[in-house]
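Q: The sequence shown maps to residues 53 to 364 in my numbering.
Starting off with a structure, shown below.
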Amino acid sequence: MEVKENVPLAPYTIYKIGGPARFFVKASSADDVREALAFAAEKKLPFVIIGAGSNMLVSDRGFDGVAIRMAGGEVRLEGERLVCDAGVMMARAVLAAGKAGLAGFEWGIGVPGTIGGSVRGNAGCFGHEMKDAVERVEIFDVAKNENRIMQNPECEFGYRDSIFKKHPEWIILSATLKLKRGNAALIQQEVQRITMERLAKQDIGTKCCGCIFKNTPWGREDTDREKLAARFPELAAFAGQSHVPTSFLLDRAGLKGTRIGGAVVSPKHANFFINEGMASADDVRALIDRAKEEVRNKFGILIEEEIQYIGF
């Protein structure tokens with residue numbers, strides 16, 4: 053295992069933002085991960101796992117610890133199951149499933165991250181989530197220095213949440229996806245349809261880490277259905293859903309096109325904040341704070357970040 057010092061993290065994030073990690077390791081296997089974690093423990097330093105670098109914002113000051121980049125790995129076919137190492141990109145897993153004639157994971161083409169990161173955050177789109185596909189997860193328990201298998205219910209999946217967010221010492225090594233037999237041609241058509249829909253609605257190909265905020269659940273003190281629908285009739289359209297689309301709240305608060313430094317709220321999708329070239333992490337963080345303030349002022353609703361902050 054090669055350990056490098058003072059490595060800028062910006063190139064390893066979709067945002068292309070972020071200062072240096074004190075130590076940096078590329079891990080392509082479970083053994084590499086265990087060795088990197090042992091190194092962090094020896095140095096008595098915190099660690100962070102980086103996959104595709106989506107859905108995260110790294111501080112301009114960097115990360116004073118060990119950054120472990122999990123990239124690549126294997127995809128193995130076991131009957132109607134797909135076993136994917138944590139560093140495998142979601143798109144690669146989707147294509148492997150389609151090639152094998154396995155259906156039920158086409159929606160994953162819309163998630164710009166790795167299997168490990170997607171399991172951790174219960175990523176989802178187009179009405180599906182990782183919890184719908186994951187049968188079991190193999191983890192490395194840092195505290196106990198052992199591998200173990202966790203079945204789907206043990207993962208405690210919730211909306212953009214899982215038990216792994218509560219236990220950062222549990223490192224995801226691989227996930228087994230339970231799929232079903234399908235028609236390869238129809239699977240390919242569905243992947244293409246989802247891809248075209250994403251291109252039409254989202255800022256694909258830009259320096260943008262995906263949705264900044266989670267969708268907002270009904271039922272909290274600040275999201276009473278009847279009270280909000282009475283004050284804001286446009287919200288009644290979402291009364292039958294479990295969440296209000298936060299992109300709608302941001303749009304109605306007039307945030308599209310709002311800019312701070314090199315960071316701007318997408319004119320296409322208000323929950324996408326774009327680095328137009330020279331944005332700093334502080335620019336993005338300030339824009340996030342502005343968006344939260346504007347939505348709170350207009351609707352009285354507190355929106356919550358989906359993005360992970362590193363080094364702040």
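Note that the Cβ used here is the ideal one computed from N, Cα and C, for glycine as well.
Quick caveat, the model's predicted, so the values are computed rather than measured.
What residue ranges within the region 266-330 form continuous alpha helix (DSSP H) runs of no fewer than 4 residues, ordered along the chain?
A: Whole alpha helix (DSSP H) segments, 4+ residues: 277-283 and 298-304.
Q: Which partner residues of GLU57 appear in the DSSP bridge assignment?
A: DSSP, once it has assigned bridges, lists PHE75 as partnering GLU57.
Q: Which parts of the region 219-258 are runs of the alpha helix (DSSP H), unbroken and 4 residues or longer, counting only runs that do not cross its ends?
A: As far as the region 219-258 is concerned, its whole alpha helix (DSSP H) runs of at least 4 residues are 236-253.
Q: Does the distance from the C-beta atom of GLY139 to that of GLY125 stay below 8 Å?
A: Cβ distance < 8 Å, so GLY139 and GLY125 count as in contact.
Q: Going along the chain, which unbroken runs of the alpha helix (DSSP H) with 4 or more residues stay wholly within the region 186-216?
A: Segments of the alpha helix (DSSP H) lying fully in the region 186-216: there are none.
Q: For a quick check, are the C-beta atoms of LYS266 and HIS321 less than 8 Å apart?
A: The answer is no: Cβ separation not under 8 Å.
Q: Using only alpha-carbon positions, find the residue among GLY329, PHE325 and GLU130 that is nearest to ARG342.
A: That would be PHE325, whose Cα lies nearest to the Cα of ARG342.
Q: Near MET53, what residues of its chain come up, given a Cβ to Cβ distance below 8 Å and the 5 sequence neighbours on each side ignored?
A: Only VAL77, ALA79, ASP84, GLU87, ALA88 and PHE91 meet the Cβ criterion.
Q: Can you check which of these residues, GLY329, CYS136 and VAL347, is closest to VAL171 by C-alpha distance?
A: Minimum Cα distance to VAL171 is reached at CYS136.
Q: How many angstroms separate the CA atom of MET248 from the CA atom of GLU57?
A: When rounded, the distance between both Cα atoms is 41 Å.
Q: Pull up the distance between the alpha-carbon of LEU212 and that of PRO205, whole angstroms please.
A: Correcting the residue type first, residue 212 is Arg in the shown sequence and not Leu. Distance between the alpha carbons of ARG212 and PRO205 is about 15 Å.
Q: Have a look at THR440 and ASP193 and give me their C-alpha separation to the nearest angstrom.
A: Outside the displayed span of the chain (53 to 364) sits residue 440, for which this structure offers no information.
Q: According to the neighbour-count rule (16 or more other Cβ atoms, all chains shown, within 10 Å of its Cβ), is ILE201 buried or exposed?
A: It counts as exposed.
Q: Between PRO72, GLU132 and ARG188, which has its C-alpha nearest LEU109's C-alpha?
A: Checking every option, the nearest Cα to that of LEU109 belongs to PRO72.
Q: Rounded to whole angstroms, what's the CA-CA distance from ILE51 to GLU346? Just pull it up for me.
A: Outside the displayed range of the chain (53 to 364) lies residue 51, so it cannot be described from this structure.
Q: Taking only the alpha-carbon atoms, compute the straight-line gap between ARG348 and LYS151 and give it to the nearest angstrom.
A: Rounded to the nearest angstrom, the two C-alpha atoms are 46 Å apart.
Q: Measure the C-alpha to C-alpha separation of VAL382 and LEU147 and round it to an integer number of angstroms.
A: Nothing about residue 382 can be read from this structure; the chain reaches only from 53 to 364.
Q: In three-state DSSP terms, what is GLU181?
A: It is a strand residue.
Q: Is ALA143 helix, strand or coil when you go by DSSP?
A: Three-state result, ALA143: helix.
Q: Considering only their Cβ atoms, is the gap separating ILE340 from VAL100 smaller than 8 Å?
A: No, Cβ-Cβ distance for VAL100 and ILE340 is not below 8 Å.
Q: Taking only the alpha-carbon atoms, compute the straight-line gap between GLU208 and MET122 and give it to the nearest angstrom.
A: One C-alpha to the other measures close to 23 Å.
Q: Alpha carbon to alpha carbon, how far is LYS232 from ALA315? Give it in angstroms, no decimals.
A: Approximately 42 Å between the Cα atoms of the pair.
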